[in-house]
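First the structure, in the form of structure tokens, and then the observations on it.
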Amino acid sequence: MPKLTVDGIEVEVPPGSTVLQACEAAGKEIPRFCYHQRLSIAGNCRMCLVEVKPGPPKPQASCALPAADNQEVFTDSPMTVKARKGVMEMLLINHPLDCPICDQGGECDLQDQALHYGADTSRYAEVKRAVQDKYMGPLIKTIMTRCIHCTRCVRFVDEVAGVPTIGALGRSGDMEITSLEQAVASELSGNVIDLCPVGALTSKPYAFNARPWELTKTESVDVHDAMGSAIRVDSRSGEVLRVLPRLNEDVNEEWLGDKSRFAMDGLKRQRLDRPYVRKEGKLQAASWPEALQTVAAKLKATDAAKIGAIVGDMADCESVFALKGVLDGLGVTSMDCRQDGAAIDPSCRAGYILNTGLAGVEDADALLLIGTNPRVEAPVWNARIRKSWLENGLKVGVIGENADLTYPATYLGAGPQTLNEVANGSHDFAKVLEGAERPLIVVGQGALSRVDGAAVLAAARVIAEKYAGGRDGFGMLHTAAARVGALDLGFVPGEDGRDTAGILDGAASGEMEVVFLLGADEIDPAKLTNAFVVYQGHHGDRGAHAADVILPAAAYTEKDATYVNTEGRAQRAYRAIFPPGEAREDWAIVRALSGALGAPLPFDTLEALRTAMGEAVPYLDAVGALAEAEWGDFGTAGDMADTPFASPVRNYYHTNAIARASETMARCIEELLPPATEATGTDG
Amino acid sequence: MSHFRIADDADQPKTFAFTPDYQARVDREIAKYPEGKQQSAVMALLDLSQRQHGWVTRAAVAHIADMLGMAEIRVWEVVSFYTMYRTTPGGRINVHVCTTTPCWLRGSDAVTAACKSKLGIGFGESTEDGQFALHEVECLGACVNAPILQVDDDYYEDVDGPATEAILDALLRGETPTPGPQVERQTSAPVGGATTLQSVGGDD
Ligand code: SF4
Ligand code: FES
Ligand code: FES
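These protein sequence lines are chains U and R, in that order.
Mapping the first sequence onto the numbering used here, position 307 (from 1) lands on 307, and the numbers just tick up by one.
Mapping the second sequence onto the numbering used here, position 28 (from 1) lands on 28, and the numbers just tick up by one.
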């Protein structure tokens, strides 16, 4: 542990630390452009210069200098300050200084640091260079004259995203950052916008929309996949203008997927902003009392066995809990939260969460992915798998689709046969698992959303027990933000109840008369034409088109709500703006419906609901924490078909109603996906 | 200063493959590096592709990237850094003038002017008959004999305006002037003969 002094303050830092990190440990802020704690060290901007003794009599780049015993570092000496001023002057020589028309204004590292180290006038009278702007895809806007060549963007796509498409071409004063006019084909591309310390890379959809100081910032969680990434929702005058990642080391570090970041323009389009009731074959605007009375009357007049309910992928725990209360009161047992028909066993929690946590993959030394393509199902987690491969040599095996995951993975096979071979030890990868100290088995929805799903799950459990010590080496990767919470709340078929397929088939055959969809859009609406359909949700998507009554609700940015991510971590989303028009928060709608039914639920505030919910399922109250789940028996051993596993996400940019309403996502599909993928209508 | 430019699509051949002779040299280059470090051969391969085709094409970059397991952008970074690689069709004879500081201090402006007037073209251009192309390049690593005029693989050293004209005249006549210093000097030894170690051996 090197011990050194920084401006006279003694600090001790872990071996391998840099002088910059030592300065931070001493509470001294070091200006920087190229250094980023999650990227390799480039040492090319020279902004972090400090004076160090012993050493050559010139300032040193602290980000690239190893901390050593007995060093004396001066972060504020005349030499340091003079050097930094020189670097700043040099950087500004070719910088256009166009802050008034730059979207980075107000949150620009160059602007901030120029405040401290910049001169008030320029000594430079020569010609400034101008650089042609580059095309980097539908999300990244470039104004390359502003680039200071820190190469953060180059290192990010190369190291973290694993899609080396940006580079620095040319040399010295002629150097330019470019992706050779190709769109940056990564689900994480938007992160370079955050990384770029100047206004060279900015958000295309957000261009010229707002200044950072005009925005109301709401800390929340993302629901576009099941990771529950920490986000900040920036809004102004009742409109969400952008979504940025927040730091959460356990979940998303500081990255965010492009869908989670850019699909938010879908929040403004195709919204359900008032109740509708079908009259004379047509959906017609109605008042809340009328809509609720219509639903209540229908529910009361129908035999409970003929009522079913399906919960969608973005439903929050509160509304699921409330809806289950109403259904239980009516004696309804046909309910399901697995729209895709995944054969998840709700009886054992350890069987449906990622027990190691998302960060756990960094400790693993072997990973078996079964029926999942994390690159499109949870891109930020995929980057973490990649990190584990880069740093610890994680060995990855894949059963399912042979997709490009951005790191080398051994392709074992397509489906159940390979799974059997691994289970009985005859496959080569079984030896890898056997030799590994901390193997991890991860099952995706693609392995479960099939008739033999329960048998596949059982086989995966056998593998986890045989090679990975059961719980501590088993995890499930979900794609729906609502799934784990709804499973925790028991939103699954009760006694004699039907599951999703049963409800839909029953509706088609006439055995089910009423179907309640809580934001369920990833189902086949054609099967619902005969039934009386109630759709509660926020977008006029598939579910709403099949509806007889529409109850307009709030999207995730418009309500205080609890979501449980794929690790089983309960997290809270907070309201950034109000829902449009007459739309209301989901739990309140269900509560109002219970009133219309004459059997009001025993809570009339969110707090009271949460208290009741916490009593029913205690870990939903432990916000932010990971609860250990009990290992048990899950899945049903049986015959498996020979069909290959396929990831449920066919098109990353179109997995839910918000994304489907987003113009930005449509542009991504157009510019980033090969035409073949675009043509298939099956998303998510 | 030299500027990097990739030739227009219209000029780019669709495919690239090494001829058997070149492929043999490629294999030799790759074999020089230990297993897993084949990427180190990138510069040699780019040079070979340029020798075979006359300049480095997009297709050649893609082919080499694929061969060495590199991202194409990484290969382009190498290509764009070194002025040794030409990324546009040049001439049959390629004339390079070094204009980096040492050569410039020693009179590369006169060399440049002589080239431009003799050949009637500017930097980055080629003569109408396609015989000559003129390129501005960065330090050729021979500053001790600055300024340098490079014609294909030959260095003409210690040149000035008249010397440049003489060399170009010879080239225009189809001759190959003798490369090396164009003044009284043995390689990079002092001009006008040795100033030290004048006698070999001795009694005292
Ligand atoms: S574009 Fe931005 S991140 Fe990339 S090198 Fe330039 S300044 Fe750095
Ligand atoms: S931060 Fe140290 S050189 Fe850029
Ligand atoms: S500067 Fe011309 S050879 Fe070095």
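Ideal Cβ placement from N, Cα and C applies to all residues, glycine included.
Note that the structure is predicted; figures quoted are calculated from it, not measured.
> For chain R, is any of its Cβ atoms less than 8 angstroms away from the one on residue 171 of chain U?
Replying inline: Under the Cβ distance rule, residue 171 of chain U counts among the residues neighbouring chain R, one pair being separated by less than 8 angstroms.
> Taking the continuous beta strand (DSSP E) assigned at residue 535 of chain U, which residues delimit it?
Replying inline: 532 to 537 is the extent of the beta strand (DSSP E) around residue 535 of chain U.
>> For residue 88 of chain R and residue 174 of chain R, I'd like the C-alpha separation in whole angstroms.
In response: Their Cα atoms are separated by approximately 24 angstroms.
> Interface residues of chain U around residue 224 of chain R at Cβ under 8 angstroms?
Replying inline: Given that chain R is displayed from residue 1 to residue 204, the structure contains no residue 224 of chain R and the question cannot be resolved.
> Within the 8 angstroms Cβ cut-off, does residue 62 of chain R reach chain U?
Replying inline: It does not; no Cβ of chain U falls within 8 angstroms.
> Looking at the unbroken alpha helix (DSSP H) that takes in residue 665 of chain U, where does it start and where does it end?
Replying inline: For residue 665 of chain U, the enclosing alpha helix (DSSP H) has its first and last residue at 663 to 672.
>> Is any non-hydrogen atom of ligand 3 found closer than 7 angstroms to the C-beta of residue 107 of chain R, if you look at the structure I gave you?
In response: Not one heavy atom of ligand 3 falls within 7 angstroms of the beta-carbon of residue 107 of chain R.
> For residue 239 of chain U, does the three-state DSSP call read helix, strand or coil?
Replying inline: DSSP places residue 239 of chain U in strand when its eight states are reduced to three.
>> Along the chain, where does the beta strand (DSSP E) containing residue 437 of chain U start, and where does it finish?
In response: For residue 437 of chain U, no beta strand (DSSP E) segment is defined, and its DSSP state is neither H nor E.
> Could you check where the alpha helix (DSSP H) with residue 416 of chain U kicks off and where it finishes?
Replying inline: Where residue 416 of chain U is concerned, the enclosing alpha helix (DSSP H) stretches over 416 to 423.
>> In chain order, what are the residue ranges of uninterrupted alpha helix (DSSP H) at least 4 long that sit wholly in the segment 358 to 382 of chain U?
In response: For the segment 358 to 382 of chain U, the continuous alpha helix (DSSP H) assignments of 4+ residues that do not extend past its boundaries occur at 374 to 377, in sequence order.
> What residues of chain R sit near residue 167 of chain U, judged by a beta carbon separation below 7 angstroms?
Replying inline: Think of a sphere of 7 angstroms around the beta carbon of residue 167 of chain U: the chain R residues whose beta carbon falls inside it are 73, 74, 76 and 77, in chain order.
> Of all the CB atoms in chain A, is at least one closer than 8 angstroms to the CB of residue 180 of chain U?
Replying inline: Absent from the structure: chain A. Protein chains present are U and R.
>> Is residue 46 of chain U close to ligand 2? I mean its beta-carbon at under 7 angstroms from any heavy atom of the ligand.
In response: Checking the Cβ of residue 46 of chain U against ligand 2 gives yes.
> ligand 3 heavy atoms versus the CB of residue 15 of chain U: any closer than 7 angstroms?
Replying inline: False, no ligand heavy atom lies under 7 angstroms from that Cβ.
> When the distance is taken between beta carbons, is residue 136 of chain U closer than 8 angstroms to residue 183 of chain U?
Replying inline: A contact, by the Cβ cut-off of 8 angstroms.
> Is residue 413 of chain U helix, strand or coil when you go by DSSP?
Replying inline: In the three-state scheme derived from DSSP, where H, G and I count as helix and E and B as strand, residue 413 of chain U is classed as strand.
>> For residue 164 of chain U, would you say it is in contact with chain R, using Cβ-to-Cβ distances shorter than 8 angstroms as the test?
In response: For residue 164 of chain U, the answer is yes, since a Cβ of chain R falls inside 8 angstroms of its Cβ.
> Can you find a CB in chain U that lies within less than 8 angstroms of the CB of residue 209 of chain R?
Replying inline: Because chain R spans 1 through 204 in this model, residue 209 of chain R falls outside it and cannot be assessed.
> Assuming residue 220 of chain U and residue 562 of chain U make a contact with CB atoms under 8 angstroms, what is their CB distance in whole Å?
Replying inline: About 12 angstroms; that fails the 8 angstroms criterion.
>> Am I right that residue 112 of chain R and residue 97 of chain R are in contact with their C-beta atoms under 8 angstroms? What's the rounded C-beta distance?
In response: Right, their Cβ atoms sit about 5 angstroms apart.
> Using 8 angstroms as the Cβ pair cut-off and three pairs as the minimum, do the segment 457 to 464 of chain U and the segment 290 to 306 of chain U touch?
Replying inline: Short answer: they don't touch.
> Is it the case that the CB of residue 43 of chain U approaches a heavy atom of ligand 2 more closely than 7 angstroms?
Replying inline: Yes - ligand 2 has a heavy atom lying nearer than 7 angstroms to the Cβ of residue 43 of chain U.
> In terms of alpha-carbon separation, which member of U/133, U/172, U/152 and U/208 lies closest to residue 181 of chain U?
Replying inline: Out of U/133, U/172, U/152 and U/208, U/133 has the C-alpha closest to the C-alpha of residue 181 of chain U.
>> Short of 7 angstroms in beta carbon distance, which residues of its chain neighbour residue 167 of chain U, apart from the five on each side in sequence? Order them along the chain.
In response: 154 and 178.
>> According to DSSP, simplified to helix, strand and coil, what is residue 70 of chain U?
In response: The three-state secondary structure of residue 70 of chain U, taken from DSSP, is coil.
> How is the beta strand (DSSP E) around residue 12 of chain U delimited, first residue to last?
Replying inline: For residue 12 of chain U, the uninterrupted beta strand (DSSP E) run begins and ends at 9 to 12, by DSSP.
> Starting from residue 154 of chain R and walking both ways along the beta strand (DSSP E), at which residues does that stretch end?
Replying inline: For residue 154 of chain R, the enclosing beta strand (DSSP E) begins and ends at 154 to 157.
> Rounded C-beta distance between residue 564 of chain U and residue 555 of chain U? I'm assuming under 8 angstroms.
Replying inline: Not quite, the Cβ-Cβ distance comes to about 18 angstroms (not below 8 angstroms), so this is no contact.
>> Rounded to the nearest angstrom, what separates residue 543 of chain U and residue 301 of chain U at their Cα positions?
In response: Cα atoms of residue 543 of chain U and residue 301 of chain U: separation of roughly 23 angstroms, rounded to the nearest angstrom.
> If residue 251 of chain U and residue 358 of chain U are in contact, beta carbons under 8 angstroms, what's the gap, nearest whole angstrom?
Replying inline: The C-beta distance from residue 251 of chain U to residue 358 of chain U rounds to 6 angstroms, short enough to fall under 8 angstroms.
>> Comparing C-alpha positions only, which one of U/228, U/119, U/149 and U/82 sits nearest to residue 625 of chain U?
In response: Comparing Cα-Cα distances from residue 625 of chain U to each of U/228, U/119, U/149 and U/82, the minimum goes to U/228.
> Any chance the segment 478 to 493 of chain U sits against the segment 330 to 337 of chain U, with 3 or more Cβ pairs inside 8 angstroms?
Replying inline: Three or more pairs of CB atoms, one per stretch, sit closer than 8 angstroms, so the segment 478 to 493 of chain U contacts the segment 330 to 337 of chain U.
> Which word fits residue 176 of chain R, buried or exposed, when buried means at least 16 other C-beta atoms lie within 10 angstroms of its C-beta?
Replying inline: Looking at its Cβ environment, which holds fewer than 16 other Cβ atoms inside 10 Å, residue 176 of chain R is exposed.
> Are there 16 or more other CB atoms within 10 angstroms of the CB of residue 266 of chain U, so buried, or fewer, so exposed?
Replying inline: Residue 266 of chain U counts as buried, since at least 16 other C-beta atoms from the protein chains shown sit within 10 angstroms of its C-beta.
>> According to DSSP, simplified to helix, strand and coil, what is residue 677 of chain U?
In response: In this predicted model, residue 677 of chain U has a pLDDT of only 49, less than 50, meaning its place in the structure is not dependable; the value taken from the coordinates is given anyway. Helix.
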